[in-house]
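> Each residue of the sequence shown is one higher than the one before, starting from 0 at the first, in numbering that gives the first Met the number 0.
First, the structure itself, so that you have it in front of you.
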Amino acid sequence: MGETCLRSLHADWTRRSLEDVLSKQEELLKLKGDRDEDSRRFMEAKNRLKEIGEFVERDRLVVERARIEKERYVLEIRAAIRIQH
Numbered sequence: 000m001g002e003t004c005l006r007s008l009h010a011d012w013t014r015r016s017l018e019d020v021l022s023k024q025e026e027l028l029k030l031k032g033d034r035d036e037d038s039r040r041f042m043e044a045k046n047r048l049k050e051i052g053e054f055v056e057r058d059r060l061v062v063e064r065a066r067i068e069k070e071r072y073v074l075e076i077r078a079a080i081r082i083q084h
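Right, here's the structure in full:
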C-alpha cells in the first residue's frame with residue numbers, strides 16, 4: 000500500500016511539474032513575442048522621429064533662406080529709394 004501511495008504521489012508531482020514547465024514555456028514565448036513587438040515598434044518610432052527631425056531641419060533651412068531673401072529684397076528696395084532721391 001505504501002509503495003502504491005508513493006508511486007501515486009510521484010506521478011502526481013511529475014504531472015504537476017510538467018504542467019508548470021509547460022505553463023512557464025508558454026509564458027516565456029509570450030514574453031519573447033511581446034519583446035519582439037516592442038523592439039519592432041521602437042525601431043518604427045525611432046525611424047519616424049528621425050524623419051520628423053529631418054523634416055524640421057529642412058523646414059528651418061527654408062525659413063532661414065526666406066529670411067535672407069527678404070532682407071536682401073528690403074535692402075534692394077532701400078537702395079532703389081535712395082537712388083531715386
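Don't be surprised by glycine CBs; every beta carbon is placed ideally from N, CA and C.
If you're wondering where the values come from, they're calculated on a predicted model, not measured in any experiment.
Which runs of the beta strand (DSSP E) spanning at least 3 residues fall entirely within the region 31-77, listed in chain order?
Counting only runs of 3 or more, we get nothing.
> Quick one: Cα of L48 to Cα of Y72, how far?
Cα to Cα, L48 sits roughly 36 Å from Y72.
> Going by DSSP in three states, H84 sits in which element: helix, strand or coil?
H84: coil per DSSP, three-state reduction.
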